[in-house]
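What follows is a short report on a single structure.
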Amino acid sequence: MPRFIDELPPVDSPCPIKVVVVSLSRTGTAGLYKALKVLGFKPYHMAEVMHNRLPDAVILNEAVEAYRNKNIKSYTREDFDKWFGKYDSIVEVPSFFLDDFLAAYPDCKFILTERDPDRWVSSWRGTVAEEVAKGNTLQRRFVRFFDTFADNFISAVTKITDEWTGGKGLTEEGYAHSRQYCIDYWADVKKRIPADRLLCLKLEEGELGWHTICLYLGVEIPNQPWPERNEKESFRKGTAEVQAVSAANARKRMVFTLAPIVAVASIASWYYRALRKG
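Going by the numbering used here, the sequence shown opens with residue 89, and the numbers climb by one from there.
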């Protein structure tokens, strides 16, 4: 099956990846993403997908689908170089297709953040799940039809949450499954990545901060507070801004698409009336 990523040209001299954060969404990844920026890194995070929009959303959706669909070739280091060529660190996104990342970056430094499973479920249920549910409403489907970014982004996130819930959807059974999913995921990461290349941090124990991160990465500790966490309200504000852009794009494209049809219909109507009068 043809892939979108294959249509993109190779990136000249892609940046070497210095660190890969294999943490699940809603486990301090937004703060870590901002912290890496402060330290001088060039990190890639879901925030970059929302900022760059296209082609990132299309690539993300394809990579997530390829990880689960055996009829599509999974992403390799060559593909990731096309995607992350100008970045030197990757946050959160690796958790969506862990096997592919471990194969592509076998000698990299890794970071894993964990949190209380019940709090994690509550967190993604009140943020990511809400957006997935909204993304499949009639109103959002209209936007998705006319906006390529919105369609691919929602499609990708829906697949990701399906993985978390074991295909049980946004139901109590699905949320219960996701609790066990995160426990199993963290255990799998620690089993597969050598301890000397994996920094494990627990949020509730206050282990995520400048001291531990800077010591592990071998950089100086900055004289400023750790970046703010991505609480529910800031998450909702950010997604609302992205959705507003998609809605505006959808309206413009709808007008552009329908205008010729309306024009032709108007001419046909005028011609029909003229014939009747004649």
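For glycine and all other residues, C-beta sits at the position ideal for the given N, C-alpha and C. Because the structure is a prediction, the values reported are computed rather than measured.
For residue i, which residues of its own chain have a beta-carbon under 8 Å away from its beta-carbon, when the five flanking residues on both sides are left out?
i	result
residue 297	314
residue 309	298, 299, 302
residue 183	110, 111, 112, 113, 273
residue 49	Coverage of the chain is limited to positions 89 through 366, which leaves residue 49 absent and any answer about it impossible.
Can you grab the Cα-Cα spacing for the pair residue i / residue j, in whole Å?
i	j	result
residue 234	residue 336	10 Å
residue 142	residue 237	6 Å
residue 175	residue 150	20 Å
residue 269	residue 216	16 Å
residue 359	residue 225	Only weak support exists for where residue 359 lies, its pLDDT of 48 falling under 50; the coordinates are left without a value.
residue 350	residue 223	Reliability of the predicted coordinates at residue 350 is poor, the pLDDT of 42 falling under 50, and no value is obtained from them.
residue 106	residue 196	6 Å
residue 239	residue 198	31 Å
residue 99	residue 288	32 Å
residue 257	residue 278	27 Å
residue 307	residue 130	14 Å
residue 311	residue 125	14 Å
residue 194	residue 282	10 Å
residue 102	residue 265	38 Å
residue 115	residue 334	27 Å
residue 128	residue 160	36 Å
residue 93	residue 254	27 Å
residue 212	residue 136	19 Å
residue 338	residue 284	48 Å
residue 286	residue 89	35 Å
residue 246	residue 165	25 Å
residue 155	residue 280	18 Å
residue 227	residue 221	12 Å
Taking 7 Å as the limit between beta carbons, can you name the residues of its chain near residue i, skipping five residues before and five after?
i	result
residue 319	none
residue 207	none
residue 204	292
residue 173	99, 102, 103
residue 95	none
residue 323	215
Which same chain residues end up closer than 6 Å to residue i when comparing Cβ atoms and leaving out the 5 residues on each side of it in sequence?
i	result
residue 133	121, 179, 180
residue 202	274, 290
residue 244	148, 149, 152
residue 295	289
residue 123	315
Would you mind giving the Cβ-Cβ distance between residue i and residue j, rounded to the nearest angstrom? I have them listed as a contact below 8 Å.
i	j	result
residue 117	residue 219	16 Å between Cβ atoms; not a contact.
residue 232	residue 248	That pair is no contact at about 17 Å.
residue 316	residue 119	7 Å
* Asked: Between the segment 100-115 and the segment 185-193, are three or more C-beta pairs nearer than 8 Å?
  -> yes
Review point. Taking the runs of the beta strand (DSSP E) that are 3 residues or longer, which of them lie wholly in the segment 107-140?
Key: 107-109
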